[in-house]
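Protein chains in written order, with the working numbering: chain A, 1 to 277; chain B, 1001 to 1380. For each residue, glycine too, the CB sits at the ideal point set by N, CA and C. Given the structure is predicted, the values throughout are model-derived calculations rather than measurements. Presented below is the structure to which this report refers.
Here it is as structure tokens:
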């Protein structure tokens, strides 16, 4: 019997770096699969791709993919990525981050990356807590949720990542989940295609920490939550006011054409040369 | 032509740093405004786009040094300029650059501290922060210029050393040096030695990002050059992947240390005047060294002989030379624009019979030659 190896394998450091560190039921591996399929669809050469990350569960992803990979300090993935992209604009730069990494410690960097509209794709895996350190609350932990640092429930309001990024000026903003994988593949592909700063929020379960602390069940039950509590933009259109209040909307929220930082810098160099003449 | 090769100009210290960076082939600058270093960023913002080089003002100093490391990994010589408070924020990135062995240059024009301190005034308060500011054992190279010409020369040397040793190099002018203006005779371009970015020549499948070469430093490939590798601040093996295996952890940490300690000859840079014939020696660096030279001249008129020992490279500290030259002296006077930092290193390298005497000034002003003369007269 012959075994057909899925094409995704050629993008993995399959022989060297597995098994991975993620817990059973974790959603990060699914996001990694979506990224790889989108990369394949783009036809990018592995040599021309840079994946940067910060610190945390999601940020361990670069170890497993066979690109130029940069695992940086907590929250700084986009700042490192900005340097990479500026020094060599031919490289396709993506940043993979968790919710805590990108929005708490890295909050300043992500809003400025969006404002500059630098040509980087940011993929935020949102599992509502800090998984690697044992399930503390993050800027996306829902109200009243229990975590190891909110034993009496979360009292801080959370961020809506997509609204934040829209306001900060990103060219492309979308949300998907690891349950709706085909949809996520397409969203990430569109984000890669977009020139300028693109953000994809991928909702993912963390059964080990967030799920257990809030008695949400195991991996299967948590997947079901993603299915039941999210709707796409066309479903939203046909719903009556109030009907969608407890639902999270998936889909593409921002898709606008604005000049990327890279292009503006190139124009600046030309302008400077002109002024000196 | 931005660098006035072969010409004579009146130049500011910070300006000379910017020109030195251009001369060394800077490809990327990322910074955040801070007094008293801003002229460096401002001038490079004007020069670099003319040369099609990349310049960016980031959202803070942490982002700046992070972007620098990314820039160098993608193949551009990278530098930033800051001062004490910004340098504190950069410690995270400095540690990362040490650990991942990415060559970058960090200019810290030292002002009064701690905290916001004296933003427009001089100090030498970051000498120990430069050595031990980031956590964990790590290699450090730091250079302290004493005049405008050296701002130009040592910036180039900082780039050269960072490429040679694959490690961040810190340039530590104090505010006096950064803001003073002097006549500088610029060298001819062909007389300036610039180390190009080393590139690996091995086949892709043989490439090890941290090859254990005899010199403890191996050429670093750039992203996009066909050598794909992993970079992490986690302790890693020679391919760059995280490891906790004892032998690999020890090998990494030892190599980080030895790449500096086994090549001290290339790093040590001291200036000595009349040290051998004097029983009293002034140990000074940066702007204080200038006052020490003036004090030496005043004392000479009074028929008193004092020596001057000046480290140009502050870190690694010139242990051997200090021991050899100062261990038999009666008195070593250490004037510093702080409450005593490098003096502990001098004490460490001299026996108890040597009187190591401090002279501090912490009000943001220079130590004058007269103050040094008075201090010498007291101990002679």
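Can you find a C-beta in chain B that's less than 7 Å from the C-beta of residue 20 of chain A?
The sequence position of residue 20 of chain A within the first chain is 20, counting from 1. No - not a single Cβ of chain B is within 7 Å of the one on residue 20 of chain A.
Below 8 Å on the Cβ atoms is my contact criterion, and I expect residue 1223 of chain B with residue 68 of chain A to pass it. Report the Cβ-Cβ distance as a whole number of Å.
As a first step, residue 1223 of chain B is located in the second chain; it is residue number 223 there, counting from the start. As a first step, residue 68 of chain A is located in the first chain; it is residue number 68 there, counting from the start. With a Cβ gap of about 4 Å, residue 1223 of chain B and residue 68 of chain A count as contacting.
If you follow the beta strand (DSSP E) that residue 1272 of chain B is in, where does it begin and where does it stop?
Within the second chain, numbered from 1, the residue matching residue 1272 of chain B stands at position 272. Residue 1272 of chain B -> beta strand (DSSP E) spans 1270 to 1273.
Applying the criterion that 16 or more other CB atoms from any shown protein chain within 10 Å of the CB defines a buried residue, is residue 256 of chain A buried or exposed?
Here residue 256 of chain A refers to the residue found at position 256 when the first chain is read from its first residue. When all chains shown are included, residue 256 of chain A counts as exposed.
Which residues in the same chain have their Cβ closer than 8 Å to the Cβ of residue 166 of chain A, if we skip the five residues on either side of it in sequence?
Along the first chain, read from residue 1 onward, the residue named residue 166 of chain A stands at position 166. So the qualifying residues of the chain are 173, 253 and 254.
Is the Cβ of residue 159 of chain A closer than 7 Å to any Cβ of chain B?
Here residue 159 of chain A refers to the residue found at position 159 of the first chain. No, no contact with chain B.
If contact means a Cβ-Cβ distance below 8 Å, which residues of the stretch 1349 to 1372 of chain B contact chain A?
The residues in question: there are none.
Quick one: give me the first and last residue of the alpha helix (DSSP H) that residue 1320 of chain B is part of.
Mapped onto the second chain, residue 1320 of chain B falls at position 320. 1319 to 1326 is the span of the alpha helix (DSSP H), which, as asked, contains residue 1320 of chain B.
For residue 1200 of chain B, does the count of other Cβ atoms within 10 angstroms reach 16, so buried, or fall short, so exposed?
As a working note, residue 1200 of chain B is residue 200 in the second chain. Residue 1200 of chain B should be labelled buried.
Determine which residues of the stretch 1227 to 1244 of chain B have a Cβ less than 9 Å from any Cβ of chain A, and write them out in chain order.
For the stretch 1227 to 1244 of chain B, which is checked against every Cβ of chain A, the residues closer than 9 Å are 1227, 1228, 1229, 1230, 1231, 1232, 1233, 1234, 1239, 1240, 1241 and 1242.
Closest to residue 1280 of chain B by CA distance: which of B:1314, B:1360, B:1357 and B:1331 is it?
Counting from one through the second chain, the residue named residue 1280 of chain B turns up at place 280. Minimum Cα distance to residue 1280 of chain B is reached at B:1331.
Any idea if residue 1377 of chain B is buried or exposed, counting beta-carbon neighbours within 10 angstroms, 16 or more meaning buried?
By 1-based counting over the second chain, the position of residue 1377 of chain B is 377. Flag for residue 1377 of chain B reads exposed.
Return the CA-CA distance between residue 1154 of chain B and residue 30 of chain A, expressed in angstroms with no decimal places.
Taking the second chain and counting its residues from 1, the one referred to as residue 1154 of chain B is at position 154. Taking the first chain and counting its residues from 1, the one referred to as residue 30 of chain A is at position 30. So the two alpha carbons sit approximately 50 Å from each other.
Please report the Cβ distance between residue 71 of chain A and residue 62 of chain A, rounded to the nearest whole angstrom; I am assuming they are in contact, meaning their Cβ atoms lie under 8 Å.
The residue you call residue 71 of chain A lines up with position 71 of the first chain. The residue you call residue 62 of chain A lines up with position 62 of the first chain. At roughly 5 Å, the Cβ-Cβ gap stays under 8 Å, so residue 71 of chain A and residue 62 of chain A are in contact.
With 7 Å as the threshold, decide whether the Cβ of residue 1205 of chain B is near any Cβ in chain A.
Looking up residue 1205 of chain B in the second chain gives position 205. Closer than 7 Å: no.
Applying a beta-carbon distance threshold of less than 8 Å, which residues of chain A neighbour residue 1096 of chain B?
In the second chain, residue 1096 of chain B corresponds to position 96, counting from 1. Within chain A, the residues near residue 1096 of chain B are 72 and 73.
Return the chain-ordered list of same chain residues with a C-beta closer than 8 Å to the C-beta of residue 1274 of chain B, the five sequence neighbours on each side being excluded.
Residue mapping note: residue 1274 of chain B aligns to position 274 of the second chain, counting from 1. Once the five neighbours on either side are set aside, the close Cβ partners of residue 1274 of chain B are 1296, 1305, 1306, 1307 and 1308.
Compute the distance between the beta-carbons of residue 1017 of chain B and residue 1040 of chain B, then report whether it is under 7 Å.
Taking the second chain and counting its residues from 1, one reaches residue 1017 of chain B at position 17. Taking the second chain and counting its residues from 1, one reaches residue 1040 of chain B at position 40. It is a contact, given that the beta carbons lie within the stated cut-off.
Should the stretch 1041 to 1050 of chain B be regarded as contacting the stretch 1100 to 1114 of chain B, the criterion being three or more beta carbon pairs within less than 8 Å?
No: fewer than three Cβ pairs fall under 8 Å.
When you compare only the Cα positions, how much space is there between residue 295 of chain A and residue 250 of chain A?
Past the boundaries of the shown model lies residue 295 of chain A; chain A is included only from 1 to 277, so the question cannot be answered.
Does chain B have any CB closer than 7 Å to the CB of residue 196 of chain A?
Residue 196 of chain A sits at position 196 when you count from the first residue of the first chain. Not an interface residue.
Starting from residue 33 of chain A and walking both ways along the beta strand (DSSP E), at which residues does that stretch end?
For this step, residue 33 of chain A is matched to residue 33 along the first chain. That residue, residue 33 of chain A, is in no beta strand (DSSP E); its alpha helix (DSSP H) goes 28 to 42.
Does the Cβ of residue 18 of chain A have 16 or more other Cβ atoms within 10 Å, making it buried, or fewer, making it exposed?
Reading the first chain from its first residue, position 18 is the one you call residue 18 of chain A. Burial call: exposed.
Would you call residue 243 of chain A buried or exposed, if buried means 16 or more other Cβ atoms sit within 10 Å of its Cβ?
Working through the first chain from its first residue, we reach residue 243 of chain A at position 243. Residue 243 of chain A should be labelled exposed.
Can you check whether the C-beta of residue 51 of chain A is within less than 7 Å of a C-beta belonging to chain B?
Position 51 of the first chain, counting from 1, holds the residue named residue 51 of chain A. Not an interface residue.
Return helix, strand or coil for residue 88 of chain A, following the three-state DSSP convention.
Taking the first residue of the first chain as position 1, residue 88 of chain A is located at position 88. If DSSP states are grouped into helix, strand and coil, residue 88 of chain A belongs with coil.
With 16 other CB atoms within 10 Å as the buried threshold, where does residue 6 of chain A fall?
Indexing the first chain from 1 puts residue 6 of chain A at position 6. Classification of residue 6 of chain A: exposed, given that the 10 Å Cβ count is below 16.
Could you check whether residue 1226 of chain B and residue 47 of chain A sit closer than 7 Å to each other, using their CB atoms as the reference points?
Within the first chain, numbered from 1, the residue matching residue 47 of chain A stands at position 47. Within the second chain, numbered from 1, the residue matching residue 1226 of chain B stands at position 226. Yes, Cβ-Cβ distance for residue 47 of chain A and residue 1226 of chain B is below 7 Å.
Alpha carbon to alpha carbon, how far is residue 59 of chain A from residue 1360 of chain B?
One-based indexing of the first chain puts residue 59 of chain A at position 59. One-based indexing of the second chain puts residue 1360 of chain B at position 360. Near 47 Å, if we compare the C-alpha coordinates of residue 1360 of chain B and residue 59 of chain A.
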